[in-house]
Every structure is written in C-alpha cells, then in structure tokens.
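**Q**
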Amino acid sequence: MLTNLLNVYFLRIVGLISTNGNNRSKIFSKNVGDANANLGLIFRKQMNMVLYIINTPVLTEYGLWEFSGPLTINDARSILETGFVSAIGHAASANVLSQILNVPIPANRIHIKMQPGDQALILRLPQRLPEGKVLDETELKTLNFELGLLKRLK
Numbered sequence: 001m002l003t004n005l006l007n008v009y010f011l012r013i014v015g016l017i018s019t020n021g022n023n024r025s026k027i028f029s030k031n032v033g034d035a036n037a038n039l040g041l042i043f044r045k046q047m048n049m050v051l052y053i054i055n056t057p058v059l060t061e062y063g064l065w066e067f068s069g070p071l072t073i074n075d076a077r078s079i080l081e082t083g084f085v086s087a088i089g090h091a092a093s094a095n096v097l098s099q100i101l102n103v104p105i106p107a108n109r110i111h112i113k114m115q116p117g118d119q120a121l122i123l124r125l126p127q128r129l130p131e132g133k134v135l136d137e138t139e140l141k142t143l144n145f146e147l148g149l150l151k152r153l154k
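Using UniProt numbering, the first residue of the sequence shown is number 1, and each one after it goes up by one.
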C-alpha cells in the first residue's frame, strides 16, 4: 500500500499523466513501470526486505518460513512489479521464466542468505530430475512446473 502511495505521489510531482494514446503515452507508461519497480525496490531496501527469484525452494538460513503456492502467472507478475534480485543460476531457467512472465530475468548465479522479511519467487519442478541432469530451454518448457512464494518470517 505504501508503494502505491509513493507511486501516486511520484506521478503528481512529475505531472505527466497522459491518456491520449499516442507514442508519448507509451513512453510514459514504460517510465512509470520503471519508476514503480525502482520505488518498490527502494522501499524494500529501506525496510531491509529483498525479493529474490530462485529456481528451487531452499531454506538459506535457520528460521521460520512460509511456502505458498502454486501461484498463477498473473500473481507472479504482480509480485515482481516492485523489483527483484535474480538468483537464477541457469540461463535456460532464466530465459524460460522471462518468456513465461514477460519480464526480463537475467541469469545470475549468486549465493543468497534470506533475512527475515525477505521473499523469493520460486520456479519449482515437482518431479526429481536424474542425477547430474541439466535441462535446456526446450526440455524445461515440456515439464510441468509451479511458481511459489517463499517468505522468511523470522
């Protein structure tokens, strides 16, 4: 809710609201979307919260966790609107998620330690892969997958 209030405040300051359907509106929409993501990320950082995207549900520290899902694609898109940090270590997974969610998600093989308040959008494969198997994009697209949300509560 605070992020939405910040967005309205930002729009009033900029004073560029345009609904005439021309190219300026499209540019404005993109800029507002970028501003929304940036404000959301700034808000999360100020509150010491981070939203990650990861390709497996993993508990990165001891604590109390909540794992919910499966999420719809629209729910996942909405969660990502406020900005995120990709921790997707495999390029094929990042590419498939980018296509599914229509959001650019870079491959970024980093080690994360979620803190209380942090969340992670999860790409979950409900079946276990054979040992050592690395999937390419074509194989990933043929598998059933789920999207979930992991929250570190404390």
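Cβ coordinates follow ideal geometry from the N, Cα and C atoms, glycine included.
Since the model is a prediction, treat every value here as computed from it, not as a measurement.
For MET49, which option in PHE84, ASN144, LEU135 and LEU59 has the closest C-alpha, if you only look at C-alpha atoms?
**A** Residue PHE84 is the option with its Cα nearest to MET49.
**Q** From what residue to what residue does the beta strand (DSSP E) around ARG128 run?
**A** Neither: ARG128 is in no beta strand (DSSP E) and is coded neither H nor E.
**Q** By Cβ distance below 7 angstroms, which residues in the same chain neighbour VAL103 in space, the five residues on each side in sequence not counted?
**A** Here the set comprises ARG77 and LEU80.
**Q** Let me know the secondary structure DSSP gives LEU153 once reduced to three states.
**A** The answer is coil: DSSP assigns LEU153 none of H, G, I, E or B.
**Q** Output the distance between the C-alpha atoms of PRO106 and ILE53, rounded to the nearest integer angstrom.
**A** Near 10 angstroms, if we compare the C-alpha coordinates of ILE53 and PRO106.
**Q** Suppose you measure from the CA of HIS111 to the CA of VAL58; what does that come to, to the nearest Å?
**A** So the two alpha carbons sit approximately 11 angstroms from each other.
**Q** Name the residue from LEU121, GLU146, GLU131 and LEU135 whose alpha carbon lies nearest to the alpha carbon of HIS90.
**A** The shortest Cα separation from HIS90 among LEU121, GLU146, GLU131 and LEU135 belongs to LEU135.
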